[in-house]
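Notes follow the structure.
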Amino acid sequence: MHDIWNPWHGCKKVSEGCEHCYMFYLDKTRSDRDGGEIYRTKTGFNYPLSKYRNGEYKIKSGETVRICMTSDFFLPEADEWRDSVWDIIKQRSDVVFYILTKRPERAEKCLPFDWGDGWENVFFNVTAENQRRADERIPILLSLPFKHKGIMCAPFIGPVSIEKYLESGQIEQVICGGENYDGARPCNFDWVKNLRSECVKHNVTFAFTETGTVFIKDGKRYTMPDKSLQSRMAYKSGMNFVGKPQEFKLCDTFGLPIPKSELYVPYFGERCKTCAMKIICNGCSKCGKCEK
């Protein structure tokens with residue numbers, strides 16, 4: 065599994081969801097660095113083009129790669145690097161690239177010249193941490209030329225209704241999860257249930273991936289700093305729902321469609337069975353940690 069690609073690192077806070085950003089917290093606690101320092105990564109920039117000694121790509125055809133999980137893809141400070149990243153995404157037309165942003169208003173002017181009505185291997189998502197940001201960003205999302213679109217309600221810090229946006233038929237997936245680390249704000253299970261009901265009504269895949277550190281259920285407050293426990297509790301809630309399947313028309317370097325039989329098939333180990341991320345995960349990397 066090779067599911068994260070960070071061609072640059074660091075970010076600038078732009079909304080309520082950024083207030084207790086995990087990247088800023090981890091940079092500070094792990095290396096005493098300022099998460100606001102933005103830089104192009106050295107070893108990771110060309111990662112999707114990395115190959116093994118036998119010439120095979122490390123990232124297999126059909127895998128999903130999440131971009132800029134420690135930044136924002138449409139960050140202004142990254143404008144000078146983005147065209148090179150688009151080139152790599154185009155070269156790997158056999159891989160799905162998951163883009164998440166809090167800056168959808170910048171997306172259209174940052175697209176490559178040959179974008180047309182969108183590339184089949186790009187899955188574009190906006191963050192909607194509360195109703196204010198949902199109503200601000202989702203209309204922009206719906207107006208943009210992307211073939212695949214989704215919504216991420218994380219950190220889930222307030223109730224969100226998106227039914228009027230789901231009616232468009234453009235949204236293929238909705239993810240939600242609570243906040244973690246320093247200063248985590250509570251996630252209320254009632255918000256999760258309401259969001260799920262809207263997705264089920266419109267047959268849109270819904271993934272409740274983690275409770276967050278502070279979780280409210282039936283009026284009771286629970287504190288769960290362990291992320292693996294959060295994921296198990298989210299799984300046990302039974303909230304995940306598989307809606308209409310996403311269909312990415314992936315192709316090889318010659319532009320020919322790749323048969324499904326030749327695409328990557330995720331492997332899930334024993335501990336994956338109770339992980340809420342399984343519904344949207346690339347699978348287990350077989351690193352051996354679960355056996356220790």
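Per my numbering, residue 65 is the first one in the sequence shown, and the count goes up by one each step.
Beta carbons are placed, not taken as given, at the ideal position from N, Cα and C, and that holds for glycine.
Fill in: Start-to-end residues for the beta strand (DSSP E) that takes in Met216
In the DSSP assignment, Met216 falls within the unbroken beta strand (DSSP E) covering 212-217.
Worksheet item: For the alpha helix (DSSP H) that contains Cys240, what are its first and last residues?
Response: Note, Cys240: premise wrong, no alpha helix (DSSP H); beta strand (DSSP E) at 235-241.
Item to complete: At 3 residues or longer, and completely inside the region 276-327: list those beta strand (DSSP E) runs for me, N to C.
Response: 278-281, 284-287
Worksheet item: Can you give the Cα-Cα distance for Arg117 and Ile123, rounded to whole angstroms?
Response: 14 Å
Worksheet item: Mind checking whether Arg167 and Val78 have CB atoms under 8 Å apart?
Response: yes
Worksheet item: Would Glu236 be called buried (16 or more neighbouring beta carbons within 10 Å of its own) or exposed?
Response: Around the Cβ of Glu236, a 10 Å sphere holds 16 or more other Cβ atoms; the residue is buried.
Item to complete: Would you decide whether Ser295 is buried or exposed? Buried here means 16 or more other CB atoms lie within 10 Å of its CB.
Response: buried
Worksheet item: Bridge partners of Phe187, per DSSP?
Response: Tyr162, His212
Worksheet entry | Selection from Ile163, Val190, Ala192, Glu193 that minimises the alpha carbon distance to Trp183 | Ile163
Worksheet item: So the alpha helix (DSSP H) Thr338 belongs to, where does it begin and stop?
Response: First-last for Thr338: undefined, no H or E at that position.
Worksheet entry | Exposure label - Ser135; buried when at least 16 CB within 10 Å | buried
Item to complete: Report the option in Thr273, Arg335, Phe109 whose CA atom is closest to the CA atom of Ile68.
Response: Phe109
Worksheet item: If you drop the 5 nearest sequence neighbours on each side, which residues of the same chain put their C-beta closer than 7 Å to that of Tyr328?
Response: Lys124, Ser125, Gly126, Glu127
Worksheet entry | Start and end residues, beta strand (DSSP E) containing Arg130 | From DSSP, the beta strand (DSSP E) with Arg130 extends over 128-131.
Worksheet item: What number of angstroms, rounded off, separates the C-alpha of Cys315 from the C-alpha of Ser157?
Response: 6 Å
Discussion item. Which residues does DSSP list as the beta-bridge partners of Arg104?
Written reply: Trp72
Worksheet item: Shortest alpha-carbon distance to Ser301 belongs to which of Ile280, Cys82, Asp290?
Response: Ile280
Practice prompt. Specify whether the region 331-341 and the region 264-282 touch according to this definition: at least 3 beta carbon pairs, one from each stretch, less than 8 Å apart.
Written response: yes
Practice prompt. Return the CA-CA distance between Phe253 and Gly119, expressed in angstroms with no decimal places.
Written response: 48 Å
Discussion item. By the three-class DSSP mapping on this structure, what secondary structure does Ala248 have?
Written reply: coil
Worksheet item: Just reading off the beta strand (DSSP E) that Gly269 is part of, what are its end residues?
Response: Looking at the sequence provided, one finds Thr at residue 269 rather than Gly. Secondary structure note for Thr269: its beta strand (DSSP E) is the uninterrupted segment 269-274.
Worksheet item: For Lys350, which residues does DSSP report across the bridge?
Response: Answer is none; Lys350 lacks a bridge partner.
Worksheet entry | Separation of Leu113 from Leu286, as counted between CA atoms | At residue 286 the sequence reads Tyr, which differs from the Leu that was named. Rounded to the nearest angstrom, the two C-alpha atoms are 43 Å apart.
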